[in-house]
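Just below is one structure, and these are the notes that go with it.
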Ligand code: NIG
Ligand code: FE
């Protein structure tokens, strides 16, 4: 007699966005042992395959669990006052040069304990999960001492254990020059390379290393030292580059085999070509573009032309993108950057996963992991078209329904 395993779950008559495109007809999706075990048109219902399966849902749109590949979710304090200053005409750079900006979040984050940071960060994580995220990246970068950077990374790991979600961590020691190193940026970069990176590696706290390559942050030569240290320690490389000006940070990162170059509003054709050659993902952050009222658009046409995969992420952070709603990012990617809804959704699934070095995630494919979202909508494009919380009906993480409305 055949064993009926209750771990077999069947979704029937769902419209599927598989991570790259919408499938042509309504599908049935079978999940078993944490994996997608079957995917077939619902018009051809397969008794044998589905035998013993429990019906887990019917109708709606199924997408891969969303991948938010760039966040600064862990931090203390807020910067609402700076938001007001910017509305009065003070620029992000001016605020940063006057000791505000990232440094004001550094002060608050240094003063916070691990438990304080967990309490501050969990509501933001919960907002992402309620909008369909199953995998996210969290950066450090508001500690800027060895101890405080490790504290942030430990918190990132711990909040990932408190919720059904996959967290990847990125050491962003080279985010800003801390005030105690004023005038000694190269010495601070030495601290990042010689102490922070080895300490994070020793504790297994970092999956990747990131830098902020910018006039108000670190020069390409300084970023290159960080990349060399990351490479030496076997960590993946990412870069905040070409956000406010074109310093060639993306091409530099690509030369080091970076997983991604992020922001990239000021990226030029040579940079796009370097990324294409290296397979470096372009991470678009329309939330920061929107909040900073940036006018320089990322070179979307060139990225398309050279076939550079485009991810879309929240950049959730207290300064430039205090927004924890990934589906709003899909909307902004379309309205501000003119991505198609299909491109925006691929950016938050398949390409987001690739920007984290996890190419098996962000897909709905037989044999792949079952991280899934079932949405109360008729077609995938609605996720980018309408801005509306509460459309997530079910969230499946590693084959288990971890949220159901
Ligand atoms: O991704 N560009 C640098 N870092 C963040 C902003 C951090 C902040 O302002 O606190 C970003 O936009
Ligand atoms: Fe960022």
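Numbering (our numbering), first residue to last: -11 to 393.
Built from N, CA and C at the ideal position, the CB exists for glycine as well.
Starting from the Cα of residue i, find the closest Cα among the options and give me that residue.
{"i": "residue 344", "options": "305, 371, 358, 298", "result": "298"}
{"i": "residue 71", "options": "389, 293, 279, 340", "result": "279"}
{"i": "residue 13", "options": "371, 1, 130", "result": "1"}
{"i": "residue 264", "options": "241, 90, 295, 313", "result": "295"}
{"i": "residue 132", "options": "58, 83, 91", "result": "91"}
{"i": "residue 230", "options": "243, 213, 287, 168", "result": "287"}
{"i": "residue 225", "options": "205, 203, 250", "result": "250"}
{"i": "residue 394", "options": "378, 269, 293", "result": "Because the chain here runs from -11 to 393, residue 394 falls outside it and cannot be looked at."}
{"i": "residue 283", "options": "58, 236, 252, 292", "result": "252"}
{"i": "residue 241", "options": "233, 106, 169, 213", "result": "213"}
{"i": "residue 363", "options": "34, 51, 7", "result": "51"}
{"i": "residue 365", "options": "6, 43, 379, 31", "result": "379"}
{"i": "residue 26", "options": "375, 353, 377, 367", "result": "353"}
{"i": "residue 85", "options": "32, 171, 123", "result": "171"}
{"i": "residue 29", "options": "16, 318, 37, 281", "result": "16"}
{"i": "residue 394", "options": "317, 257, 179", "result": "The chain is shown only over -11 to 393; residue 394 falls outside these bounds and no answer can be derived."}
{"i": "residue 58", "options": "247, 77, 79", "result": "247"}
{"i": "residue 200", "options": "237, 375, 104, 350", "result": "237"}
{"i": "residue -5", "options": "4, 19, 11, 5", "result": "19"}
{"i": "residue 125", "options": "321, 244, 271, 333", "result": "271"}
So, with DSSP's three-state summary, where would you put residue i?
{"i": "residue 151", "result": "coil"}
{"i": "residue 91", "result": "helix"}
{"i": "residue 352", "result": "coil"}
{"i": "residue 3", "result": "strand"}
{"i": "residue 228", "result": "strand"}
{"i": "residue 9", "result": "coil"}
{"i": "residue 16", "result": "strand"}
{"i": "residue -11", "result": "In this prediction, residue -11 has a pLDDT of 34, which is less than 50 and means its spatial position is unreliable; nothing more can be read from the coordinates."}
{"i": "residue 237", "result": "helix"}
{"i": "residue -4", "result": "coil"}
{"i": "residue 220", "result": "helix"}
{"i": "residue 249", "result": "strand"}
{"i": "residue 75", "result": "helix"}
{"i": "residue 98", "result": "helix"}
Between residue i and the rest of its own chain, which residues show a CB-CB distance below 6 Å, the 5 nearest in sequence each way excluded?
{"i": "residue 369", "result": "329"}
{"i": "residue 393", "result": "381"}
{"i": "residue 309", "result": "275, 276, 279, 303"}
{"i": "residue 128", "result": "137, 140, 141, 159, 160"}
{"i": "residue 183", "result": "134"}
{"i": "residue 98", "result": "136"}
{"i": "residue 130", "result": "63, 93, 94, 97"}
{"i": "residue 47", "result": "1"}
{"i": "residue 119", "result": "313, 314, 315"}
Enumerate in chain order the residues of its own chain whose CB-to-CB distance from residue i is below 7 Å, with the five nearest sequence positions on each side excluded.
{"i": "residue 306", "result": "63, 65, 66, 67, 93"}
{"i": "residue -7", "result": "Because residue -7 carries a pLDDT of 42, less than 50, the predicted location of this residue cannot be relied on, and the following value inherits that uncertainty. Answer for residue -7: 40, listed in chain order."}
{"i": "residue 9", "result": "330"}
{"i": "residue 22", "result": "357, 358, 386, 387"}
{"i": "residue 348", "result": "356, 357"}
{"i": "residue 145", "result": "155, 157, 193"}
{"i": "residue 218", "result": "185, 197, 225"}
{"i": "residue -11", "result": "Because residue -11 carries a pLDDT of 34, less than 50, the predicted location of this residue cannot be relied on, and the following value inherits that uncertainty. Counting only Cβ-Cβ distances below 7 Å, and skipping sequence neighbours, we find nothing."}
Heavy atom of ligand 2 less than 8 Å from the Cβ of residue i, yes or no?
{"i": "residue 273", "result": "yes"}
{"i": "residue 270", "result": "no"}
{"i": "residue 241", "result": "no"}
{"i": "residue 195", "result": "no"}
{"i": "residue 305", "result": "yes"}
{"i": "residue 276", "result": "yes"}
{"i": "residue 60", "result": "yes"}
{"i": "residue -4", "result": "no"}
State yes or no: is the C-beta of residue i nearer than 8 Å to some heavy atom of ligand 1?
{"i": "residue 65", "result": "no"}
{"i": "residue 97", "result": "no"}
{"i": "residue 252", "result": "no"}
{"i": "residue 308", "result": "yes"}
{"i": "residue 72", "result": "no"}
{"i": "residue 200", "result": "yes"}
{"i": "residue 311", "result": "no"}
{"i": "residue 130", "result": "yes"}
{"i": "residue 238", "result": "no"}
{"i": "residue 231", "result": "yes"}
{"i": "residue 339", "result": "no"}
{"i": "residue 205", "result": "yes"}
{"i": "residue 80", "result": "yes"}
Enumerate in chain order the residues of its own chain whose CB-to-CB distance from residue i is below 8 Å, with the five nearest sequence positions on each side excluded.
{"i": "residue 121", "result": "53, 54, 55, 56, 153, 314"}
{"i": "residue 177", "result": "162, 206, 210, 213, 214"}
{"i": "residue 42", "result": "-6, -4, -3, -2"}
So is the beta-carbon of residue i under 8 Å away from any non-hydrogen atom of ligand 4?
{"i": "residue 56", "result": "The model depicted lacks ligand 4 and carries ligand 1 and ligand 2 instead."}
Legend entry - Contiguous beta strand (DSSP E) assignments of at least 3 residues, all confined to the segment 106 to 157: Taken in chain order, the whole beta strand (DSSP E) runs of length 3 or more contained in the segment 106 to 157 are 121 to 127.
Inset, instruction - For the segment 321 to 372, list the beta strand (DSSP E) runs that are entirely contained and at least 3 residues long, ordered along the chain. - result: Secondary structure in the segment 321 to 372: the beta strand (DSSP E) runs of 3 residues or longer, each lying completely within the stretch, are 360 to 363 in chain order.
Inset, instruction - Entirely within the segment 257 to 315 and at least 3 residues each: give me those beta strand (DSSP E) ranges in chain order. - result: Every beta strand (DSSP E) stretch that sits fully inside the segment 257 to 315 and reaches 3 residues is listed by chain position as 269 to 272, 298 to 300.
Inset, instruction - Any chance you could list the alpha helix (DSSP H) runs of at least 4 consecutive residues sitting entirely within the segment 160 to 209, in chain order? - result: The qualifying runs are 173 to 179, 185 to 190.
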